[in-house]
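**Student:**
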Amino acid sequence: MNLLSAYQKLKPLSPFFFTKDAAYTWNVSHAHAAVILSRLSKQKAIVRLMRGCFTFSDVDPLSLHNSLNYPMLSYISLYTALYYHGMIEQIPSVIYIITNGKTKRVKTPLATFSMHHINGYLFDGYATVDNQRIIMATPEKALFDTLYLMPAKSNYFKRLTELELPNHFHFSHFKKWIKCIHNKSRRKMIEIKLDEIRNASKQGRQ
Numbered sequence: 383m384n385l386l387s388a389y390q391k392l393k394p395l396s397p398f399f400f401t402k403d404a405a406y407t408w409n410v411s412h413a414h415a416a417v418i419l420s421r422l423s424k425q426k427a428i429v430r431l432m433r434g435c436f437t438f439s440d441v442d443p444l445s446l447h448n449s450l451n452y453p454m455l456s457y458i459s460l461y462t463a464l465y466y467h468g469m470i471e472q473i474p475s476v477i478y479i480i481t482n483g484k485t486k487r488v489k490t491p492l493a494t495f496s497m498h499h500i501n502g503y504l505f506d507g508y509a510t511v512d513n514q515r516i517i518m519a520t521p522e523k524a525l526f527d528t529l530y531l532m533p534a535k536s537n538y539f540k541r542l543t544e545l546e547l548p549n550h551f552h553f554s555h556f557k558k559w560i561k562c563i564h565n566k567s568r569r570k571m572i573e574i575k576l577d578e579i580r581n582a583s584k585q586g587r588q
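Those letters in the sequence shown? Residues 383 to 588, by my numbering.
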């Protein structure tokens, strides 16, 4: 099997795949699959994301969030989703992800991913976009996640300025998420921030 044939057989596995997936697809041993993948990587046909996990060089980095958290779940949120929805103007230098796995930062040849843990009872408020390959927070949940993580030690989300809300932005969606917050001080902080954002939005539209 030549490299072109091997590559073509991998394409249905997009956007990401593991060595075991390639071995099954090619009907070869795990060791043999690893050798072929190494050759394809050197040809820049595929990109190694982390040990045993690969993607294609032309893939949209936004579609890779689940590959970096597997088998845990994740969705695009925070500054990346805020920018996607046109709520902030500054392009984030990394791709921000909410996960029910561990908080971590992963640098790959395609992009740097900043993953942030959130409790399972708040793992909500997202939808699929781009032919269901990308799982993106709704405008409301992207803002909620950002406010929720403001007290985090990383200080990544301390400031949120020049926020532009979409025309069909629903503050009512925040009620169910706020009710799930056990920490009273954090819950109060989010309520205050939301009131400030709501008032600023009303003044801006007058």
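Cβ coordinates follow ideal geometry from the N, Cα and C atoms, glycine included.
Predicted, not measured: the structure shown is a model, and the values here were computed from it.
Using 8 Å as the threshold, is the segment 502 to 520 in touch with the segment 451 to 462, meaning 3 or more CB pairs across them?
**Tutor:** yes
**Student:** If we ignore side chains and look at the alpha-carbon of each, how far apart do Tyr-489 and Ser-445 end up?
**Tutor:** For the sequence presented, residue 489 should be read as Lys rather than Tyr. Approximately 15 Å between the Cα atoms of the pair.
**Student:** How far does the alpha helix (DSSP H) with Ile-418 in it reach, from first residue to last?
**Tutor:** Secondary structure note for Ile-418: its alpha helix (DSSP H) is the uninterrupted segment 412 to 424.
**Student:** Going by the CB atoms, is the gap between Gly-507 and Lys-523 shorter than 8 Å?
**Tutor:** yes
**Student:** Determine the extent of the beta strand (DSSP E) in which Phe-398 is found, giving its start and end residues.
**Tutor:** 398 to 400
**Student:** Return helix, strand or coil for Thr-520, following the three-state DSSP convention.
**Tutor:** coil
**Student:** So, is Ala-388 buried or exposed, given that buried needs 16 or more other C-beta atoms within 10 angstroms?
**Tutor:** buried
**Student:** Apart from the five residues on each side of it in sequence, which residues of its chain come closer than 6 Å, Cβ to Cβ, to Ile-500?
**Tutor:** Ile-480
**Student:** To the nearest whole angstrom, what separates the beta carbons of Tyr-465 and Pro-474, a pair I think is in contact under 8 Å?
**Tutor:** 6 Å
**Student:** Cα separation between Ile-418 and Leu-385?
**Tutor:** 7 Å
**Student:** Which of helix, strand or coil does DSSP assign to Tyr-508?
**Tutor:** strand
**Student:** Is it right to say His-550 is buried, meaning 16 or more other beta carbons lie within 10 angstroms of its own, or is it exposed?
**Tutor:** exposed
**Student:** Considering Ser-338, what are the terminal residues of the alpha helix (DSSP H) in which it resides?
**Tutor:** Within the shown structure, residues of the chain are numbered from 383 to 588, placing residue 338 beyond reach of any answer.
**Student:** Exposed or buried, Pro-394, counting other C-beta atoms within 10 Å across all chains shown (16 or more means buried)?
**Tutor:** exposed
**Student:** From which residue to which residue does the alpha helix (DSSP H) around Ser-456 run?
**Tutor:** No alpha helix (DSSP H) holds Ser-456; the beta strand (DSSP E) holding it covers 456 to 458.
**Student:** Is it buried or exposed for Pro-548, if we count other Cβ within 10 angstroms and need 16 for buried?
**Tutor:** Around the CB of Pro-548, fewer than 16 other CB atoms lie within 10 Å, so the residue is classed as exposed.
**Student:** Identify which residue in Ile-579, Ser-439, His-414, Ala-415 has its Cα closest to the Cα of Gln-425.
**Tutor:** Ser-439
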